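The sequence shown begins at 603 in the working numbering and counts up one residue at a time.
Right, one structure below, let's go through it.
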Amino acid sequence: MNLSQYSQIFEKLQEIGQGRFAERLSRCWHSLNHTQREKLSAQILQLKGDLLLAQQKMIHENLSFGLSSSKSEKFIPQILGLNGQRPFTSQKSTRDASKLPEFEGEKPKTQVEEEGGEIESQILPFQETHFSGNSQDFEAGKELAASGKCACVVLAGGQGSRLRTTLPKGCLPVSVCKNKSLFELIADKMRAASTCVGHPLSLAMMTSPLNHQETRDFFIKNNFFGLHPDQITFFPQKTWPFLDLEGNLFLESTDQIASGPNGNGGVFQRLREIGLLEKWRRQGIETIHIVPVDNPLALPFDFELFGFHHRMGSQVSIKTAKRKNSHEKVGLLAQLNGKPAVIEYMELSLQQKEAKNPQGEYIFNNANLGLFCFSLSFLEEIQNASLPIHKAKKSLKKMDEEGKIHFPQEPNGWKFEEFIFDILPFAKKCHALIAPREECFAPLKNLHGEDSIEEVQAALLAWDRKKMHQISGVEPSSGPFELSSAFYYPTQELLQKWQGRALPSNISYINEEM
603 MNLSQYSQIF EKLQEIGQGR FAERLSRCWH SLNHTQREKL SAQILQLKGD
653 LLLAQQKMIH ENLSFGLSSS KSEKFIPQIL GLNGQRPFTS QKSTRDASKL
703 PEFEGEKPKT QVEEEGGEIE SQILPFQETH FSGNSQDFEA GKELAASGKC
753 ACVVLAGGQG SRLRTTLPKG CLPVSVCKNK SLFELIADKM RAASTCVGHP
803 LSLAMMTSPL NHQETRDFFI KNNFFGLHPD QITFFPQKTW PFLDLEGNLF
853 LESTDQIASG PNGNGGVFQR LREIGLLEKW RRQGIETIHI VPVDNPLALP
903 FDFELFGFHH RMGSQVSIKT AKRKNSHEKV GLLAQLNGKP AVIEYMELSL
953 QQKEAKNPQG EYIFNNANLG LFCFSLSFLE EIQNASLPIH KAKKSLKKMD
1003 EEGKIHFPQE PNGWKFEEFI FDILPFAKKC HALIAPREEC FAPLKNLHGE
1053 DSIEEVQAAL LAWDRKKMHQ ISGVEPSSGP FELSSAFYYP TQELLQKWQG
1103 RALPSNISYI NEEM
């Protein structure tokens, strides 16, 4: 590296408000070899100054997250609330409701009142809800998929760190009898759905730079679980730099600036960047289903949700279920200033979490399961939208000036992300489909206790028992068993074969060929 390049990277750090990091880097620069210097230089030159300034502003002004402006301060967050809380009804704050998400110069209209320069935001339960169970929606969605108008994106960027594994979370075995991994269950359902509609369906999987190669290798090693490789596109999400508690960049190793995946909110931007959205548009895809990999009850091609989305003329459709209790750590559907939104559980007071209507149901009762349908035309319409940036205090790996790596138990820095649910306020037509929780939501999050493998397997067995009873009309025996994914996308032949038929008593795995 010549003197000109050296000057260029340190000048950039000064320009983007990272003088302290530049000083620290200059003290150890002489100890780096050529390869390490080149790697660090490439990272520094790729840093986005406007993003870093937005992150620093959030830290220093104690903002919970920021919404971007379409003007010159594109990534500079606007004030949203006080003391890290997003304002709700009867809570006064300095949140500027005119600074809600905007694109192409258009500002969504809001319902607010202004008194003495303060803004009162209004939160109400989400109203556009309907119940699942419509067989006509199911058949219509099946026909849409058969016509090649539907695709799926699986969000699979997570590592299994909370589950005490270094593998991608999707590699973890979860099924009751065959120990199929989360990835294999997704592939099995995709293959079964393709067989059901007589058409090879398309799926994209958003990984992260931390697990991208491992995920691809896992599918290759397992021959794509019977899928044709062309049916799946793997792509990594972007990373954003972490900042320490004072707002400075730091190193996590000798030649690596500390950074991490930037959340699932950038999924559609990434699909555009790799050319897949345009490819799907040319192929006639109209609806894109979003599924998180860690929910093995989710259907990657949800025919009823497709049909519901089409019937309602929605830009965004949400599959939801009632929350378990007032303390469940799950986001809730709401209307914030007249716009559809997801309110995170930590943003509600205890009184708001426990409030009930005269029928005894929670007022805010519809959980965000991470299951969405988006119209491709809507995604093209809002392609220039900027989403809020969310920040969270984390315990992050950090290298000190002596070259020692630390991973403290206490938070020592900030992580920043965008979330997909922040697209909802842009939608003029947004509807939710309420489904029984036991049919669609059993997330794998923890090693023990709530949302653990034990709970997930119990939910999988319970749903298999219910599905088998629906198909055969015969109550299954009490022992453990596992259904092939074909039973969740049944052909007429399968339905006829199993009508009135009891499960074999000596077989634990039931497939369509039996």
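Think of the CB as a built atom: it goes at the ideal place given N, C-alpha and C, for glycine as much as any other residue.
Nothing here was measured: the structure is a model prediction, and the numbers come from that model.
Residue E745 holds the alpha-carbon nearest to the alpha-carbon of F910 among I1112, I611 and E745. Around the beta carbon of G735, fewer than 16 other beta carbons lie within 10 angstroms, which makes this residue exposed.
Take the alpha-carbon of K999 and the one of H1008: they are about 6 Å apart. Where L654 is concerned, there is no enclosing beta strand (DSSP E), although the alpha helix (DSSP H) around it starts and stops at G651 to H662. Here the alpha carbons of R925 and M660 stand approximately 31 Å from one another. In the three-state reduction of the DSSP assignment, H732 falls in the strand class. For L1105, there is no enclosing beta strand (DSSP E), as DSSP marks it with neither H nor E.
In the three-state reduction of the DSSP assignment, S804 falls in the strand class, which pools E and B. Residue pairing for N968: DSSP places it in a beta bridge opposite K924.
Taking the Cα positions, F1083 is about 17 Å away from D790. Within the segment 744-782, the complete beta strand (DSSP E) segments of 3 residues or longer fall at 752-757, listed in chain order. By the beta-carbon neighbour count (other beta carbons within 10 angstroms, threshold 16), R872 is buried.
With a threshold of 16 other beta carbon atoms within 10 Å, H992 meets it and is buried. Residue environment: A1061 is assigned as buried (16 or more neighbouring CB atoms within 10 Å of its CB, all protein chains considered). When Cβ pairs closer than 8 Å are counted between the two stretches, the segment 745-757 is seen to touch the segment 797-817, the count reaching three or more. The C-beta distance from A794 to Y1111 rounds to 15 Å, too long to meet the 8 Å contact threshold. Within the DSSP secondary-structure output, W842 pairs in a beta bridge with G862. Taking A624 as the centre and dropping the five residues before and after it, the same chain places the C-beta of F612, L615 and Q616 closer than 8 Å to its C-beta, in chain order. In this structure, F836 lies away from H801, with their beta-carbon atoms at least 8 Å apart. By the neighbour-count criterion, in which 16 or more other beta carbons inside 10 Å mark a residue as buried, F733 falls on the exposed side. The straight-line gap separating the alpha-carbon atoms of Q1101 and V1076 is approximately 8 Å. Bounds of any alpha helix (DSSP H) do not take in G1015; it lies within the beta strand (DSSP E) bounded by G1015 to E1019. Looking at the backbone, the Cα of H662 and that of I1025 are separated by about 26 Å. Per DSSP, V869 lies in no beta strand (DSSP E) segment; the continuous alpha helix (DSSP H) that holds it begins and ends at V869 to E875.
Take V776, set aside five residues on each side of it, and the residues of its chain with a beta-carbon closer than 8 Å to its own are K782, S783, L784, L787, P898, L1046, I1055, V1058, Q1059 and L1062, in chain order.
Within the same chain, and ignoring the five residues on either side of K771 in sequence, the residues whose Cβ sits closer than 6 Å to its Cβ are G760, G762 and D896. DSSP lists M808 as the bridge partner or partners of F837.
The beta carbon of K751 lies closer than 7 Å to those of G886, I887, E888 and T889 in the same chain, with the five residues before and after it left out. If you draw a straight line from the Cα of M1001 to the Cα of E854, it comes to about 5 Å. In the assembly as shown, L978 is a buried residue. Its beta-carbon has 16 or more other beta-carbons within 10 Å.
Rounded to the nearest angstrom, the Cβ distance from F966 to F740 is 29 Å, too far for a contact under 8 Å. The bridge partners DSSP lists for M1001 are I1007. Note on geometry: alpha-carbon atoms of D1053 and H929 lie some 14 Å from one another. Excluding residues up to 5 positions away in sequence, L615 lie with their Cβ nearer than 8 Å to the Cβ of G621 in the same chain. Of the other Cβ atoms in all chains shown, 16 or more fall within 10 Å of the Cβ of D1066; this residue is therefore buried. Nearest Cα to L829 within the set C1032, Y947, M792 and G862: M792.
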